[in-house]
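Numbering (the working numbering), first residue to last: 40 to 411. Here a beta-carbon is modelled for each residue, glycine too, at the ideal position from N, C-alpha and C.
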Amino acid sequence: MKLKELLVGIENFKIKGDVELEIKSIENNSKHIKQGSLFVAIKGFDFDGHQFVEQAIENGAVAVMLDISADLKSIKLPKEMTVILSTDTRADLAKLACNFYKNPSRHFKLIGVTGTKGKTTTTYMIKSILEKAGYKVGLIGTIANYIGEDMICESNRTTPESLELQELFYKMALEKVDFVVMEVSSQSLKLHRVDGSEFDMAVFTNFSKDHISLKEHRDMEDYFNSKLKLFQNTPKGFANSDDFKCERLMYEAKNCSIKTYSIDNSSNLIAKDITITNASVDFKVKLGQKNERVKVNIPGRYSVYNSLAAISVAVSLGIDTEKIKEGLANIVIPGRNELILNDKDVTIMIDYAHTPESLENLLNSIKAYTTR
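Below, the structure is given as structure tokens:
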């Protein structure tokens with residue numbers, strides 16, 4: 040693709056060199072550069088990509104994108120090198136990736152799930168329901184990335200970097216998926232990883248203290264505002280009205296039509312008559328004109344919330360009630376309250392709760408398994 044085509048939609052940049060260059064790949068890691076690449080230098084938390092510009096050129100980069108504040112005197116640039124100066128190379132990387140892969144998210148319905156907890160489980164639930172309804176579904180998240188039942192690759196972060204994300208979308212578009220369901224982390228929103236991705240629906244599971252550090256969010260306000268971005272750029276949303284941030288989310292995301300779900304507060308979709316056992320949870324919820332009993336083989340109150348989020352999405356898509364119930368009935372989420380069958384007559388569960396609140400929820404849910 041020609042460089043001038045890649046730069047479509049990018050604003051406030053300066054360029055010296057040939058815009059007719061044929062660009063064969065875009066890279067932000069100098070080790071991945073091959074002949075004909077465009078190298079985008081990003082100032083990261085641990086490394087500054089501007090330190091590797093010369094290596095990228097040696098490896099075959101024919102053009103480089105640098106931050107406009109970069110010290111050009113300290114970088115040896117060949118006279119014939121095409122140089123783009125950007126006001127935000129991280130944000131522009133996402134736009135370049137969208138252009139390079141021909142905006143693949145326009146070729147399917149994209150559903151983003153954000154929240155402190157429950158993202159992984161909710162995405163798997165939505166995927167399962169959609170597949171029961173006959174749709175082909177891609178999934179991107181913490182555990183692995185899938186097209187249908189086929190794993191494309193394991194994940195090294197909740198939401199991939201923009202280059203990797205758009206490549207995944209491109210592969211999914213080639214496979215003609217109908218939907219892609221993905222976890223959208225606050226960090227990915229703050230660092231522009233999902234910029235240019237055209238979301239059709241967004242889900243807000245909950246909000247609690249997490250990811251506050253020098254390398255993540257400076258405070259809870261920054262954390263919330265990062266999650267808010269998903270809804271400010273999506274036409275339709277679903278939110279947990281039992282969460283204290285729901286009201287503010289709905290107020291701030293004025294252009295997003297948000298429906299709610301809950302257990303305690305009033306909402307568009309309420310779970311009632313909840314029964315929690317040591318291996319499952321079931322509850323009643325009004326679907327259409329009937330109160331339906333839904334069962335999920337993942338114990339815990341939070342499983343009700345995750346199920347309600349998935350049901351909300353399914354209802355908005357007009358999916359049949361029985362398909363919704365089937366999609367939730369026998370779902371297994373790898374590493375999420377995952378019961379392991381064995382011949383020792385003992386209960387073995389795998390869960391990788393990694394925050395204090397997640398661990399507390401897990402311990403509460405497994406109390407029913409104990410005998411003393």
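Who are the near neighbours of residue i in its chain, counting only those whose CB is closer than 7 Å to its CB and skipping five residues on each side?
i      : result
LEU116 : VAL122
THR159 : GLY180, THR181, ILE182, GLU222, ILE372, ARG375
ASP281 : SER301, ILE302, ASP303, ASN304
ASN67  : VAL79, ILE81, GLY88, LEU132, LEU202
LYS112 : none
LYS298 : PHE277, ASN307, SER351
Could you give the distance in angstroms between the alpha-carbon of residue i and the alpha-carbon of residue j?
i      : j      : result
ALA349 : ASN142 : 26 Å
PHE322 : ASP312 : 5 Å
MET120 : VAL101 : 7 Å
SER76  : ARG129 : 17 Å
LYS171 : LYS229 : 34 Å
LEU135 : LEU46  : 7 Å
GLY56  : GLY83  : 26 Å
PHE147 : LYS118 : 43 Å
TYR262 : ASN294 : 21 Å
SER224 : GLU286 : 20 Å
So, for residue i: in the same chain, excluding its five sequence neighbours on each side, which residues have a beta-carbon less than 6 Å away from its beta-carbon?
i      : result
LYS364 : VAL333
LYS275 : MET240, SER296
ALA353 : ILE168, ILE363
I'd like to confirm something about residue i: is its beta-carbon nearer than 7 Å to some heavy atom of the ligand ADP, or not?
i      : result
THR153 : This structure lacks the ligand ADP; in fact it carries no ligand of any kind.
Under a Cβ-count criterion, where at least 16 other Cβ atoms within 10 Å of its own Cβ denotes burial, should residue i be classed as buried or exposed?
i      : result
MET289 : buried
GLN94  : exposed
THR162 : buried
LEU213 : exposed
THR198 : buried
ARG257 : exposed
THR314 : exposed
LYS73  : exposed
PHE139 : buried
GLN205 : buried
Which one of the options has the shortest CA to CA distance from residue i?
i      : options                        : result
VAL219 : ASP234, ILE186, ARG232         : ILE186
VAL152 : ALA278, GLY366, LYS118, THR314 : ALA278
SER346 : HIS71, ASN51, LEU367, HIS146   : LEU367
ILE150 : LYS329, ILE370, ASN272, CYS192 : ASN272
GLY235 : CYS137, GLU361, LYS70          : CYS137
MET211 : ASP127, ILE62, CYS192, SER225  : CYS192
MET190 : GLU361, GLU200, LEU207         : LEU207
SER69  : LYS63, GLU44, GLN90            : GLN90
Below 8 Å on the Cβ atoms is my contact criterion, and I expect residue i with residue j to pass it. Report the Cβ-Cβ distance as a whole number of Å.
i      : j      : result
THR155 : PHE246 : 6 Å
ARG145 : GLU237 : 6 Å
ASP176 : VAL216 : One point to set straight first is that residue 176 is Val, not Asp, in the sequence displayed. Indeed, because the Cβ distance is near 6 Å, the residues count as touching under 8 Å.
SER342 : VAL320 : 5 Å
GLU52  : SER108 : Just to set this straight, residue 52 is Phe in the shown sequence, not Glu. So it is not a contact: roughly 13 Å between Cβ atoms.
MET164 : ILE370 : 6 Å
Check whether chain D comes within 8 Å of residue i, counting only Cβ atoms and requiring the distance to be less than that.
i      : result
LEU367 : No chain D appears in the structure shown, which is made up of a single protein chain.
Who are the Cβ neighbours of residue i in its own chain at under 8 Å, not counting the five residues just before and after it?
i      : result
VAL103 : LEU77, PHE78, VAL79, ALA80, VAL92, ALA95, ILE96, LEU116, MET120, THR121, VAL122, ILE123
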